[in-house]
Amino acid sequence: MTEGSFRASPGGRRQGEEGGEPPKRAPRLLPRLGRLLPKRGDLIVLFISVLIFAASIALVGNERPSSDTVTLKAGHEEYVYPLGEDRILKIEGPIGETIVKIDAGGVRFIDSPCRDKICVGMGAVSQNRQVVACLPNKVIATVRKSHAGRTR
Amino acid sequence: MPAERDDSVKLLAFLSALCLFMSTLEYAIPKPLPFLRIGLANAPILLAFGKLPPRRIVQLSALKALLQGFVSGTFLSYVFVFSAAGTAAACGAMLFVAWIGGDRVSRVGISLGGALASNAVQLLLSRLFLFGAGTAYLAPIVFGLGIVSSLLLGAVAEQAATQSLWYRSLGVEP
Amino acid sequence: MLFWAALAAYPAFVFQPSAILVLGEAVAFCVIAKRVRGRLRILPAVAMVAGIALFNLLAPVGRVFARIGEVPLTIGALELGLRKGAILAGMVQLSRIAVSRDLRLPGKTGSFLAKVFHYFDLITAFPIKPKEGNLIAQIDDAIMRVYNDEALCPKPDAQRLEGLEKDTQATGVIPIQTRPRIALFLLAVIPWALLLLGRITPSLEELLRSAESLRP
Chain A
32 MTEGSFRASP GGRRQGEEGG EPPKRAPRLL PRLGRLLPKR GDLIVLFISV LIFAASIALV
92 GNERPSSDTV TLKAGHEEYV YPLGEDRILK IEGPIGETIV KIDAGGVRFI DSPCRDKICV
152 GMGAVSQNRQ VVACLPNKVI ATVRKSHAGR TR
Chain B
6 MPAERDDSVK LLAFLSALCL FMSTLEYAIP KPLPFLRIGL ANAPILLAFG KLPPRRIVQL
66 SALKALLQGF VSGTFLSYVF VFSAAGTAAA CGAMLFVAWI GGDRVSRVGI SLGGALASNA
126 VQLLLSRLFL FGAGTAYLAP IVFGLGIVSS LLLGAVAEQA ATQSLWYRSL GVEP
Chain C
4 MLFWAALAAY PAFVFQPSAI LVLGEAVAFC VIAKRVRGRL RILPAVAMVA GIALFNLLAP
64 VGRVFARIGE VPLTIGALEL GLRKGAILAG MVQLSRIAVS RDLRLPGKTG SFLAKVFHYF
124 DLITAFPIKP KEGNLIAQID DAIMRVYNDE ALCPKPDAQR LEGLEKDTQA TGVIPIQTRP
184 RIALFLLAVI PWALLLLGRI TPSLEELLRS AESLRP
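Chains as they are written, first to last, in the working numbering: chain A, 32 to 183; chain B, 6 to 179; chain C, 4 to 219.
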């Protein structure tokens with residue numbers, strides 16, 4: 032290694048100490064507590080490590096795994112899918128299949144066996160607690176957002 | 006003296022064998038969760054600082070990852086890929102800390118830097134391939150334990166460097 | 004040959020889309036690994052699969068089968084977690100099947116690795132007596148002797164080492180364990196057949212739906 036880089040001189044030695052003979056008493060596995068961090072640079076690296084550790088704890092609060100989902104209810108059956116991941120689903124109801132699309136724009140019904148297709152005309156919903164429903168086929172889609180994703 | 010190529014290769018082979026020995030020891034220690042490791046196999050790499058040049062330290066790290074995978078039988082698995090990626094990140098971080106710290110950092114600081122990089126990379130890979138968003142819950146445990154274990158490991162390596170007759174007999178790399 | 008058979012099976016196993024088939028293959032690899040390499044630790048494998056499945060349950064996908072408080076547990080997430088966990092566990096066993104200590108590479112790499120394993124054998128064979136106290140000094144002494152004067156070290160298994168060195172010099176490759184060829188062929192080919200089957204195998208959710216529709 033180049034000049035100024037890590038030296039082989041063992042840690043814990045203070046200036047003026049000779050690097051000569053090994054200690055006469057029995058060798059210890061760990062140094063005394065006061066010599067656990069022998070050099071200033073070690074403290075800095077430890078400080079950075081502790082900062083990152085603290086940041087990771089804060090991250091647990093923010094990144095909740097089940098954030099931003101779409102809940103689909105069809106009679107007694109319930110389905111949950113992440114919002115934002117492109118999907119086309121076929122949900123079976125009492126009068127037929129309702130085709131549901133989930134993408135970056137939210138959730139919408141693209142086809143349903145009902146007569147008037149009001150649910151299809153509702154378009155896409157993406158805000159927290161917004162609902163699209165096909166009442167004749169008993170299929171309801173609800174958006175649920177985490178605290179971070181809510182705008183109201 | 007390790008300055009000669011033959012001695013350098015001999016020390017590299019010997020430290021690789023020590024890495025293998027340490028990882029066998031660690032494999033035998035029961036752990037609360039299978040993927041949380043102490044990292045005993047990194048101790049010989051820490052000892053290489055000051056005795057081997059950087060390229061040999063890189064070779065030693067690569068050998069440690071390969072041999073661990075070979076012998077523990079995880080060579081064809083995600084475990085090996087994760088371990089190899091973690092080892093590569095740790096090696097880079099350790100060399101960086103040693104280079105930038107110079108006289109102001111000991112093997113303790115080098116060990117801490119290596120653990121931080123290794124854990125960060127492995128958590129990232131876990132996020133992408135294994136646990137998904139649930140990795141967030143693992144992160145504090147992994148980082149916290151990493152700090153404690155790398156601190157102790159670095160201290161043990163530093164003690165060995167001061168107290169081991171064998172280590173002193175190796176001399177200093179130029 | 005085991006190495007090549009396991010290597011051939013590897014991609015077909017990793018890309019298997021069906022969770023049910025992946026689980027089955029992983030169990031099969033566990034059985035084969037136990038037979039070929041002995042000593043199988045079931046608990047870590049089960050813990051690994053369960054742990055990964057549990058974490059994946061935290062990101063719901065598909066039909067809800069239960070709730071823990073506000074967190075819905077879905078079949079899709081369970082299937083995904085089981086698949087990932089089974090692939091990981093299966094990979095580990097496939098690695099154990101593929102690799103043995105007798106596998107060596109030719110040339111300089113081969114001789115270097117042989118040297119590493121030689122040192123490893125010497126280190127592990129060196130007697131350490133905890134009851135005599137001063138364990139650290141004993142370990143230091145052992146390392147010193149192994150590194151500086153191998154002649155003073157207890158020989159781990161002189162005959163095996165001699166045999167290994169002779170073969171390395173002669174051919175560059177150590178004789179590999181032999182296995183019945185049919186078994187090897189099946190190990191290499193069956194995962195590929197299952198890969199094709201996996202494309203038409205229903206998911207857990209579909210199986211559940213079929214089971215419910217069959218109910219009177």
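Backbone N, C-alpha and C define an ideal beta-carbon position, used for all residues, glycine too.
Computed from a predicted structure; not experimentally measured.
{"Item": "B/G149: which of B/V84, B/L175, B/L117 and B/L17 sits nearest, CA to CA?", "Value": "B/L117"}
{"Item": "Could you tell me the alpha carbon to alpha carbon distance between B/R112 and B/E163, rounded to whole angstroms?", "Value": "6 Å"}
{"Item": "On the DSSP bridge list, what partners appear for A/G127?", "Value": "A/G124"}
{"Item": "Where DSSP assigns a beta bridge to A/E108, which residues make up the other side?", "Value": "A/A105"}
{"Item": "How should C/V49 be labelled, buried or exposed, when 16 other C-beta atoms within 10 angstroms of its C-beta is the threshold for buried?", "Value": "exposed"}
{"Item": "According to DSSP, is C/C33 part of a helix, a strand, or is it coil?", "Value": "helix"}
{"Item": "Please look up how many angstroms separate the CB atoms of A/V91 and B/Y142, rounded, as I've assumed it's under 8 Å.", "Value": "6 Å"}
{"Item": "Pop quiz: C/V20 and C/R212 are said to be a contact at Cβ under 8 Å. What is the actual Cβ separation, rounded to whole angstroms?", "Value": "It should be noted that the sequence gives Pro, not Val, for residue 20 of chain C. No, C/P20 and C/R212 are not in contact; Cβ-Cβ is about 18 Å, not under 8 Å."}
{"Item": "What distance in whole Å lies between the Cβ atoms of A/V138 and A/N159, which are believed to be in contact at a cut-off of 8 Å?", "Value": "With a Cβ gap of about 12 Å, A/N159 and A/V138 do not count as contacting."}
{"Item": "When the Cα atoms are used, what is the spatial distance from B/N124 to C/L138?", "Value": "31 Å"}
{"Item": "Within its chain, find whatever has a CB closer than 7 Å to the CB of A/V151; leave out the 5 residues flanking it on each side and keep chain order.", "Value": "F140, I141, D142 and S143"}
{"Item": "Using the C-alpha atoms, what's the distance from A/I119 back to B/V161?", "Value": "57 Å"}
{"Item": "So with Cβ pairs under 8 Å, would you call A/I83 a contact of chain B?", "Value": "yes"}
{"Item": "Which class does A/C145 belong to by DSSP, given the choice of helix, strand or coil?", "Value": "coil"}
{"Item": "Between A/R146, A/E116 and A/G124, which lies nearest to A/K132 when the distance is taken from Cα to Cα?", "Value": "A/E116"}
{"Item": "Going residue by residue through the stretch 97–140 of chain B, where are the continuous alpha helix (DSSP H) segments of at least 4 residues, counting only ones entirely within it?", "Value": "112–134"}
{"Item": "If the cut-off is 7 Å on Cβ atoms, which residues from the stretch 36–66 of chain C count as contacting chain A, listed in chain order?", "Value": "L61, A62, P63, V64, G65 and R66"}
{"Item": "Rounded to a whole number of angstroms, what is the C-alpha to C-alpha distance between A/L68 and B/G114?", "Value": "8 Å"}
{"Item": "Going by beta-carbon coordinates alone, are C/L26 and C/A89 separated by less than 8 Å?", "Value": "yes"}
{"Item": "So, B/A67 versus B/L20, is the Cβ gap smaller than 8 Å?", "Value": "no"}
{"Item": "Would you call the stretch 62–72 of chain C in contact with the stretch 115–125 of chain C, where contact means no fewer than 3 C-beta pairs closer than 8 Å?", "Value": "no"}
{"Item": "Compare the Cα-Cα distances from C/I100 to each of C/R66, C/L187 and C/S216 and report the closest residue.", "Value": "C/L187"}
{"Item": "Could you list which residues in chain C have their beta carbon closer than 7 Å to that of B/A22, in chain order?", "Value": "V119, Y122, F123 and I126"}
{"Item": "I need the boundaries of the beta strand (DSSP E) containing A/R175, first residue and last residue.", "Value": "V170 to R175"}
{"Item": "Could you tell me the alpha carbon to alpha carbon distance between C/A140 and B/Y172, rounded to whole angstroms?", "Value": "12 Å"}
{"Item": "When you compare the CB of B/S131 with every CB in chain D, is at least one pair closer than 8 Å?", "Value": "Considering every chain present, this structure includes no chain D. Its protein chains are A, B and C."}
{"Item": "Report yes if the C-beta distance between C/L24 and C/L217 is below 8 Å; otherwise report no.", "Value": "no"}
{"Item": "In or out: A/K55 buried (at least 16 other Cβ within 10 Å) or exposed?", "Value": "Per-residue confidence for A/K55 stands at a pLDDT of 47, beneath the threshold of 50, marking its modelled position as unreliable; no derived number is given."}
{"Item": "Specify the secondary structure class of C/L5 as computed by DSSP and reduced to three states.", "Value": "helix"}
{"Item": "Interface residues of chain C around A/T173 at Cβ under 9 Å?", "Value": "Within 9 Å Cβ-Cβ: nothing; A/T173 doesn't reach chain C, min ~12 Å."}
{"Item": "Closer than 6 Å by C-beta to A/A155: which residues in its own chain qualify, once you throw out the five before and the five after it? Chain order, please.", "Value": "G136, G137 and R139"}
{"Item": "If you run the structure through DSSP and keep just helix, strand and coil, what is C/I100?", "Value": "helix"}
{"Item": "By how many angstroms is the C-alpha of C/Q96 removed from the C-alpha of C/F6?", "Value": "12 Å"}
{"Item": "Would you say B/Q127 and B/A90 are within 8 Å of each other, going by their C-beta atoms?", "Value": "yes"}
{"Item": "When the Cα atoms are used, what is the spatial distance from B/I62 to B/G55?", "Value": "10 Å"}
{"Item": "What residues in its chain sit with their C-beta under 8 Å from that of C/A53, if we drop five residues either side in the sequence?", "Value": "G88"}
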